[in-house]
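K.L.:
Residue numbers (our numbering), protein chains in the order written: chain A, 35 to 145; chain B, 14 to 127.
1) Against chain B, does residue 79 (chain A) count as a neighbour if the rule is that its beta carbon must be under 8 Å from one of theirs?
2) Report yes if the C-beta distance between residue 58 (chain B) and residue 48 (chain B) is below 8 Å; otherwise report no.
3) Measuring alpha carbon to alpha carbon, tell me which of B:77, B:94, B:30, B:108 ends up nearest residue 64 (chain B).
4) Exposed or buried, which one is residue 119 (chain A) when buried takes at least 16 other CB atoms within 10 Å?
5) Would you please verify whether the beta carbon of residue 82 (chain B) is less than 8 Å from any beta carbon of chain A?
6) Which whole-angstrom value is the C-beta distance of residue 137 (chain A) and residue 40 (chain A), which I expect to be below 8 Å?
7) Any C-beta of chain B sitting closer than 8 Å to the C-beta of residue 75 (chain A)?
8) Can you list, in chain order, the residues of its chain with a C-beta nearer than 7 Å to that of residue 71 (chain B)? Leave out the 5 residues immediately preceding and following it.
9) Tell me the rounded alpha-carbon separation between residue 108 (chain A) and residue 30 (chain B).
10) According to the Cβ coordinates, are residue 92 (chain A) and residue 49 (chain A) closer than 8 Å?
11) Taking the runs of the beta strand (DSSP E) that are 3 residues or longer, which of them lie wholly in the region 61 to 139 of chain A?
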């Protein structure tokens, strides 16, 4: 399968910005996604970006895509304690019906 | 709308026992998926379905079977459970396949095989 990599842990102080990074291997990715998983719950879609875009902004969230380096990042501005969760990046491939998920980054926000 | 529901929420099995996990969605979605989530490994696709009566293998299908007899239900079966199948299982559904369509996830089933 495809290889989608993320660092496992990130800690930030409340009010700071968080940047969660993701790398992927397949250059034929069509869409790239960020999902959030709160404790004991399923995943919820936060945002997605089409592969021909470089950036997408949605309120406190900024997604950056560097297609040449196959690097995706999620920036959360003014991080709050309620942002503490596991964040997954995922990609979908042009030719398939499948989504490929990264390992997840556990974000801890310190008050 | 209940969205995506999964039953049961928790289960403990002994090695060799069988069980079926039920996923139901009330959004009239065509696509349904079963994933397992293990620490440090993210979500891995077990099987998926692109419509009623269809199923397809994902990344880690061995030891599992699925059925999609009704559009709203997607069943995951373990015929002879093994400790390696201890995991959290998530069902998801979407209107379309891979693309801009959002996947909606159920709350998960935590399975322990002893």
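From the three backbone atoms N, C-alpha and C, an ideal C-beta is built for every residue, glycine too. Computed from a predicted model, the values in this text were never measured in an experiment.
P.N.:
Taking the geometry as given:
1) Taking the first residue of the first chain as 1, we reach residue 79 (chain A) at position 45. Yes, residue 79 (chain A) counts as interfacial toward chain B.
2) Indexing the second chain from 1 puts residue 58 (chain B) at position 45. Indexing the second chain from 1 puts residue 48 (chain B) at position 35. Yes, Cβ-Cβ distance for residue 58 (chain B) and residue 48 (chain B) is below 8 Å.
3) Here the question's residue 64 (chain B) lines up with position 51 in the second chain. Ranking B:77, B:94, B:30, B:108 by Cα distance to residue 64 (chain B) puts B:108 first.
4) Walking along the first chain from the start, residue 119 (chain A) turns up at place 85. Result: buried.
5) Position 69 of the second chain holds residue 82 (chain B). Nearest CB-CB separation between residue 82 (chain B) and chain A: not below the 8 Å threshold.
6) Walking along the first chain from the start, residue 137 (chain A) turns up at place 103. Walking along the first chain from the start, residue 40 (chain A) turns up at place 6. 5 Å between Cβ atoms; contact.
7) For this step, residue 75 (chain A) is matched to residue 41 along the first chain. Chain B contact via Cβ: present.
8) Along the second chain, read from residue 1 onward, the residue named residue 71 (chain B) stands at position 58. Excluding sequence neighbours, residue 71 (chain B) sits near 58, 59, 60, 61.
9) The residue labelled residue 108 (chain A) in the question sits at position 74 within the first chain. The residue labelled residue 30 (chain B) in the question sits at position 17 within the second chain. It is roughly 42 Å from the alpha-carbon of residue 108 (chain A) to the alpha-carbon of residue 30 (chain B).
10) As a position in the first chain, residue 92 (chain A) is number 58, starting the count at 1. As a position in the first chain, residue 49 (chain A) is number 15, starting the count at 1. When the beta-carbon positions are compared, residue 92 (chain A) and residue 49 (chain A) stay at least 8 Å from each other.
11) Runs of beta strand (DSSP E) with 3 or more residues, each lying fully within the region 61 to 139 of chain A, are found at 63 to 71, 77 to 84, 89 to 92, 95 to 100, 105 to 110, 119 to 127, 133 to 135, listed in chain order.
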